[in-house]
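Below: the structure, in structure tokens.
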Amino acid sequence: MLLYWKIPTQSEKPELERSGRIISGFDINRKWDAKKLHSELSSLFTGEMEGMYFEIVKNSGGTLLRPNIPTGKDIDSKLLLKSIAPSGCVYLRLLEELPESMMDPSDKQLEVSPFTFEEGKSDILHQSDGNGGDDLFVDLSKPTHSCDSDVGVEFQHISDTNADSSTNAGSVFTTHATGAKDQGLSDPVEVLKFLQKEIVTGRALEVTSCEEVIEGETNYITVDRENVLETTFSELECITNYRKTFQVDFMGEECVDQGGPRKEWIRLMNQSIKEKYFDHGLRPLLGQDCFFVGIMMAVALLQNGQLPVLVEESMLQQIVSSGDCSDPCVRQIRQGLEELGMLSALQQLPMLLYLLRPQAQHKMSVSMLLQIMKPKFSEKGSNALKKEKEVYQVFVKYVREVAASRRVCGQTTLDLSHILQFATGSAEEPVLGFGLAPSLEFILPT
12 MLLYWKIPTQ SEKPELERSG RIISGFDINR KWDAKKLHSE LSSLFTGEME GMYFEIVKNS
72 GGTLLRPNIP TGKDIDSKLL LKSIAPSGCV YLRLLEELPE SMMDPSDKQL EVSPFTFEEG
132 KSDILHQSDG NGGDDLFVDL SKPTHSCDSD VGVEFQHISD TNADSSTNAG SVFTTHATGA
192 KDQGLSDPVE VLKFLQKEIV TGRALEVTSC EEVIEGETNY ITVDRENVLE TTFSELECIT
252 NYRKTFQVDF MGEECVDQGG PRKEWIRLMN QSIKEKYFDH GLRPLLGQDC FFVGIMMAVA
312 LLQNGQLPVL VEESMLQQIV SSGDCSDPCV RQIRQGLEEL GMLSALQQLP MLLYLLRPQA
372 QHKMSVSMLL QIMKPKFSEK GSNALKKEKE VYQVFVKYVR EVAASRRVCG QTTLDLSHIL
432 QFATGSAEEP VLGFGLAPSL EFILPT
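In the working numbering, the protein residues as written are 12 to 457.
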């Protein structure tokens, strides 16, 4: 007998699939209200399940709980996909009879939405007891394709009771970890490069030649620089495959993302996430956002962004621990990391933890900046070379003044990272380097 207050294990899933209790390929429109959502979900029930009532439950660390929703609040599709099932796997508990608290005594029809739960009820759902207490598992897999259109859904395995992941990236990552070990990789940078090649899909992350035109599928997102957290999380809700290369467009700005805007986006997100979620400690009130915090930490690592050095060592160890955790924020971060297989990576290849610690970041120096941004001089003996060297000397002087904190822009005292940021979108050299090294080119008047 299955314990239906727990999510199904790998051994239980085949039988559930054969009996039609795991359903895939279901489309949800994010504009559906509670009534429409209830009607569409009801249409899934056929055969012996036809006509049965149901309620939505939430996966909390492998345990199925009634969602904590205020009395009178209905579950529409937006609330469902954002707060109750951000990873895309929705659980429905079947009921042969509707509870009396949800019945209209005059016509025995629904008076209160079955998506609304009274305060004070027990949170834990019990196993099948012969009274219709059974579970139908509807796998929505990912939140959305588009905020304004129906969602095409892909089937994914539901994770085991003790697992936090519901994605293929996590389920197959053992192969990647084994591959890294078989090749004798021990340097964290080499391991990360290997994982990037195995996990990231779609368009190439970096341009390697000025003549190259990079093509391929991307996760195209539009974000507001002044409201980067909210607009990014809104866009991430609409992504179905986080492993694809992200292509970033800043609202109101003219740019083509060949790697630079993505690096700048990751840098801005790292800064905002650290300030809101970690500088003052994790807060359960913000727990629903932490799934996307984990997503962004994984994206920053795998897509050549600024390293996500966001948390203290004690919190880092709590996140990567393989044991159960009662903190809902930590559980959501784990799930987000595992969307791209990075929780498994950090657990099985602990040398990667170095990249999440402060010592992995190196303060920019004058010599480092000048080595990164090398000048392209004209040929020796040319008339242009002398003028180019004079201009370059002015640039070197400017760099030294910035290093000495003698240059200001508005209310901000500039440092060397601002120069690199202006040129590349990144405030530091990516741990895997630039695909096409930045350079200084001289344009002479004609």
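By construction, the Cβ of each residue, glycine as well, lies at the ideal position given by its N, Cα and C atoms.
Please list the terminal residues of the continuous beta strand (DSSP E) segment that includes residue i.
| i | result |
| --- | --- |
| Ser450 | 450-452 |
Helix, strand or coil for residue i, going by three-state DSSP, please let me know.
| i | result |
| --- | --- |
| Cys340 | helix |
| Val123 | Residue placement at Val123 is poorly supported in this model, since its pLDDT is 40, which falls under 50; the coordinates still yield a value, given next. The answer is coil: DSSP assigns Val123 none of H, G, I, E or B. |
| Pro386 | strand |
| Asn252 | coil |
| Ser411 | Looking at the sequence provided, one finds Arg at residue 411 rather than Ser. The answer is helix: DSSP assigns Arg411 an H, G or I state. |
| Val224 | coil |
| Phe445 | coil |
| Pro272 | helix |
| Lys391 | coil |
| Ile86 | coil |
| Asp198 | coil |
| Val402 | helix |
| Thr219 | coil |
| Arg368 | coil |
| Glu440 | coil |
| Arg294 | coil |
| His187 | helix |
| His373 | coil |
| Pro19 | coil |
| Phe56 | coil |
| Asp335 | coil |
| Asn431 | The question names Asn, yet the displayed sequence has Leu at residue 431. If DSSP states are grouped into helix, strand and coil, Leu431 belongs with the helices. |
At which residues does the alpha helix (DSSP H) containing residue i begin and terminate?
| i | result |
| --- | --- |
| Thr233 | Looking at the DSSP string, Thr233 is not in any alpha helix (DSSP H); the run it does join, the beta strand (DSSP E), is 230-234. |
| Cys301 | 301-313 |
| His49 | 45-53 |
| Met60 | Neither: Met60 is in no alpha helix (DSSP H) and is coded neither H nor E. |
| Ile330 | 324-331 |
| Leu357 | 353-359 |
| Phe244 | 239-247 |
Using a 10 Å radius around the Cβ and a threshold of 16 neighbouring Cβ atoms, would you call residue i buried or exposed?
| i | result |
| --- | --- |
| Glu401 | exposed |
| Met262 | exposed |
| Thr189 | exposed |
| Gly58 | exposed |
| Asp335 | exposed |
| Arg254 | buried |
| Gln167 | With a pLDDT of 32 at Gln167, under the threshold of 50, the modelled position of that residue is not reliable, and the figure given next carries that caveat. Flag for Gln167 reads buried. |
| Thr458 | Outside the shown range of the chain (12 to 457) lies residue 458, about which nothing can therefore be said. |
| Lys397 | exposed |
| Cys221 | exposed |
| His187 | buried |
| Thr435 | buried |
| Asp146 | Below a pLDDT of 50, predicted positions are generally treated as unreliable, and Asp146, at 48, falls in that range; the measurement from the model is reported next regardless. So Asp146 ends up on the buried side. |
| Asn230 | buried |
| Gly444 | exposed |
Which residues share a DSSP beta bridge with residue i?
| i | result |
| --- | --- |
| Gln258 | Tyr231 |
| Leu75 | Asn70 |
| Gly419 | Just to set this straight, residue 419 is Val in the shown sequence, not Gly. Its beta-bridge partners are Thr424. |
| Thr212 | Lys255 |
Taking only beta-carbon atoms, is residue i less than 8 Å away from chain C?
| i | result |
| --- | --- |
| Lys46 | Included in the structure is just one protein chain, with no chain C present. |
Notebook entry, point to check: How do the region 388-398 and the region 223-243 stand: do at least 3 beta-carbon pairs fall below 8 Å, yes or no?
Noted result: These segments do not touch.
Notebook entry, point to check: Do the region 305-316 and the region 347-366 meet, that is, are 3 or more Cβ pairs less than 8 Å apart?
Noted result: Taking a cut-off of 8 Å for Cβ pairs, the region 305-316 and the region 347-366 touch, as three or more such pairs fall below it.
Next item on the list: Report yes or no: do the region 267-277 and the region 192-212 share at least 3 C-beta pairs separated by less than 8 Å?
Entry: The region 267-277 vs the region 192-212: no contact.
Margin query: Does the contact criterion of 3 or more C-beta pairs under 8 Å hold for the region 443-456 versus the region 278-297?
Written below: no
Next item on the list: Inspect the CB distances between the region 23-33 and the region 84-92 and report whether three or more fall short of 8 Å.
Entry: no
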